[in-house]
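The opening position of the sequence shown corresponds to residue 7 in our numbering, with each subsequent residue numbered one higher.
Yeah, the Cβ is synthetic: ideal placement off N, Cα and C, and Gly gets one too.
Keep in mind it's a predicted model, so treat the numbers as computed, not measured.
Just below is one structure, and these are the notes that go with it.
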Amino acid sequence: MSLSHEDVVRIIQLLDASHFDELNLEAEGVKLNLRRNGSGNSSAPTRTGAQPVAVTKATPTAQTTTPPTPLRDTAIHVGLIEVKAPMLGTFYGAPKPGSDPFVSPGTTVTKDTVIGIIEVMKLMNSVSAGVEGTVVETLVSDGDLVEFDQVLMRVRPA
Numbered sequence: 007m008s009l010s011h012e013d014v015v016r017i018i019q020l021l022d023a024s025h026f027d028e029l030n031l032e033a034e035g036v037k038l039n040l041r042r043n044g045s046g047n048s049s050a051p052t053r054t055g056a057q058p059v060a061v062t063k064a065t066p067t068a069q070t071t072t073p074p075t076p077l078r079d080t081a082i083h084v085g086l087i088e089v090k091a092p093m094l095g096t097f098y099g100a101p102k103p104g105s106d107p108f109v110s111p112g113t114t115v116t117k118d119t120v121i122g123i124i125e126v127m128k129l130m131n132s133v134s135a136g137v138e139g140t141v142v143e144t145l146v147s148d149g150d151l152v153e154f155d156q157v158l159m160r161v162r163p164a
């Protein structure tokens with residue numbers, strides 16, 4: 007953005023016609039400060055640009071690598087379907103505290119079987135399995151905060 011002499015004159019006229027005593031304008035490297043009573047900085051636009059910065063060459067550091075996932079863990083999950091959280095919230099695996107869970111490993115589920123409840127802003131939302139099969143593993147506990155798309159359990163399809 008650049009301001010011509012005509013632009014500055016027009017801005018001054020607008021300030022004079024208004025009930026304001028001061029105008030501070032800053033945009034894209036242009037800074038303009040105007041005061042009605044003449045106190046302060048001049049009304050000429052000043053440019054504020056990027057200041058030179060010393061750049062130092064980054065020294066390479068030792069890279070840390072994450073160990074690969076053991077093959078035996080991967081092999082265990084082959085063929086299983088992951089049931090994921092449809093929303094963020096608090097997961098409850100039982101209808102009420104102290105009661106039996108909706109499902110546990112070994113439970114046979116259908117697409118409509120409720121596997122848990124996710125509470126969001128005091129609203130309880132039922133979570134269905136969405137698949138027919140047998141629950142192999144439950145990855146969350148009662149009262150855990152779950153993220154959207156977080157794996158809740160794994161099911162071996164029927």
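Return the CA-CA distance between Pro163 and Glu34, expressed in angstroms with no decimal places.
59 Å
Pair within 8 Å by beta-carbon distance, Thr113 and Glu138
no
Going straight from the alpha carbon of Ile18 to that of Ser10, what length do you get?
13 Å
Could you give the DSSP three-state label for Leu77: helix, strand or coil?
With a pLDDT of 47 at Leu77, under the threshold of 50, the modelled position of that residue is not reliable, and the figure given next carries that caveat. Helix.
Who are the Cβ neighbours of Gly95 in its own chain at under 6 Å, not counting the five residues just before and after it?
Ile124, Glu125 and Val126
Along the beta strand (DSSP E) that carries Val141, what are the first and last residues, could you check?
Gly139 to Thr144
For the putative contact between Thr144 and Val161, defined by C-beta atoms under 8 Å, what is the C-beta separation to the nearest angstrom?
No, Thr144 and Val161 are not in contact; Cβ-Cβ is about 10 Å, not under 8 Å.
Taking 7 Å as the limit between beta carbons, can you name the residues of its chain near Ser132, skipping five residues before and five after?
Val120 and Ile123
Between which two residues does the alpha helix (DSSP H) holding Val14 run?
His11 to Ala23
To the nearest angstrom, how far is the alpha carbon of Ser8 from that of Val36?
7 Å
Exposure label - Phe108; buried when at least 16 CB within 10 Å
buried
Where does the unbroken beta strand (DSSP E) through Phe97 begin, and where does it stop?
Gly95 to Tyr98
Could you give the distance in angstroms between the alpha-carbon of Phe154 and the alpha-carbon of Ala100?
20 Å
Give me, in chain order, the residues of the same chain whose beta-carbon lies closer than 6 Å to that of Leu31; leave out the 5 immediate sequence neighbours on both sides.
Leu38
My understanding is that Gly136 touches Val84, with C-beta atoms under 8 Å, so please give their C-beta distance in whole angstroms.
Not quite, the Cβ-Cβ distance comes to about 20 Å (not below 8 Å), so this is no contact.
Determine the direct distance from the alpha carbon of Leu40 to that of Ser49, and round the result to whole angstroms.
Residue placement at Ser49 cannot be trusted, given a pLDDT of 48 that sits under 50; what the coordinates show is reported in the next sentence. If I take the Cα positions, the gap works out to 5 Å.
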